[in-house]
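Okay, so the sequence shown: first residue is 550 according to this note's numbering, each after it adds one. All residues carry an ideal CB built from backbone N, CA and C; glycine is no exception. Quantities reported herein were computed from a predicted structural model and do not represent experimental measurements.
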Amino acid sequence: MAVRDLDIGLLRTFLAVADRENFAGAADQVFRTQAAVSQQMQRLERLLDCKLLVRVGRHKRLTEQGVRLREYARRMLALNDETCRAMDKSVFAAPTRIGVCADAVDTILPDYLALCARTYPGMRIEIQVNRSRWLASALRRGDIDLLLELEQFDEFPRITFRTSPVVWISGTHFHHQQNLPLPLVLVDSPCVFRRMALNRLEQENRPWRNAFQTPTLAGVRAALRAGLGITPRTIEMLTPGLKVVGEELGLPTLPSASYHLYMRAGDNSDGARKLSELFIPS
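Here's what the structure looks like:
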């Protein structure tokens, strides 16, 4: 079989058609005319010698071969775009300063830092971990460039890049007698999980007591492992020594929580802009 070189531009348009299911929507996405999109799809089908799209009413649907190509195309475009970013020889004049909530710093942040290191080897990053209000004030003052937080701050532009289930967590050896108030391990106010848990328990008229209170997430983990009570947290907090509880205790379900990346309005610093782009969901 002769080797054929696939055009990244054709694959990008193909994915736009696959996502929008029509040439008009794809044309808007890739900034081309509908006629140009149609011509590109014809070229791609000739190149691969197979039918990729069929008309179903007003929509364009993928054939079996089209579905197969879509998976390869996504991987190829992702690698292409990562390669282009990695070859960027920009010299970052100053470190990019990120404020991070404690829940993210050792759970979801490492994967993004690894992606940043692969993509922009020359970027320097400084991390500051603190309470939500302090970090928001630091972003407002310009002491940090980006803020990774669970709390909502409407004054800043933001990217919502991850939503996680919130569950009740205890130590593996925790036991609770049903006739006693529920022992809670809580972080000092203000805390999104504290508000979430107390609101739901009050709605259910479920008795509870403050068994342990701490300003730090490390304190929460220590109290849970000691079997002092339970706490609400995102599923990422689960580590050896901890478990999900709830159904066996008759606890109410909790809403999900979203991680947001905040930036200052009008902040066009090179490092902050490029790093924030990595957090945009693909």
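How far does the alpha helix (DSSP H) with residue i in it extend, from its first residue to its last?
| i | result |
| --- | --- |
| residue 811 | That residue, residue 811, is in no alpha helix (DSSP H); its beta strand (DSSP E) goes 806-812. |
| residue 552 | It is not in any alpha helix (DSSP H) - residue 552 carries neither H nor E in the DSSP assignment. |
| residue 677 | Counting along the chain, residue 677 falls outside any alpha helix (DSSP H), though it belongs to the beta strand (DSSP E) covering 674-678. |
| residue 595 | 583-597 |
| residue 659 | 658-668 |
Just to confirm before moving on: does the CB-CB distance between residue i and residue j stay below 8 Å?
| i | j | result |
| --- | --- | --- |
| residue 739 | residue 783 | no |
| residue 565 | residue 579 | yes |
| residue 711 | residue 807 | yes |
| residue 662 | residue 649 | no |
| residue 720 | residue 773 | yes |
| residue 681 | residue 698 | yes |
| residue 601 | residue 563 | yes |
| residue 559 | residue 592 | yes |
Can you tell me which residues form a DSSP beta bridge with residue i?
| i | result |
| --- | --- |
| residue 792 | 719 |
| residue 648 | 677 and 696 |
| residue 707 | 811 |
| residue 781 | 717 |
Cβ of residue i versus every heavy atom of the ligand SAH: is any distance shorter than 7 Å?
| i | result |
| --- | --- |
| residue 806 | In terms of ligand content, the structure shown is empty, and the ligand SAH therefore cannot be addressed. |
For residue i, name the three-state secondary structure that DSSP assigns.
| i | result |
| --- | --- |
| residue 754 | coil |
| residue 748 | helix |
| residue 564 | helix |
| residue 685 | helix |
| residue 702 | coil |
| residue 610 | strand |
| residue 766 | helix |
Our contact map puts residue i next to residue j with C-beta atoms below 8 Å; I'd like the distance itself, whole angstroms only.
| i | j | result |
| --- | --- | --- |
| residue 781 | residue 683 | At roughly 22 Å, the Cβ-Cβ gap does not stay under 8 Å, so residue 781 and residue 683 are not in contact. |
| residue 812 | residue 706 | 6 Å |
Starting from residue i, trace the beta strand (DSSP E) both ways and give me its first and last residue.
| i | result |
| --- | --- |
| residue 826 | No beta strand (DSSP E) contains residue 826, which is instead part of the alpha helix (DSSP H) from 819-827. |
| residue 698 | 695-698 |
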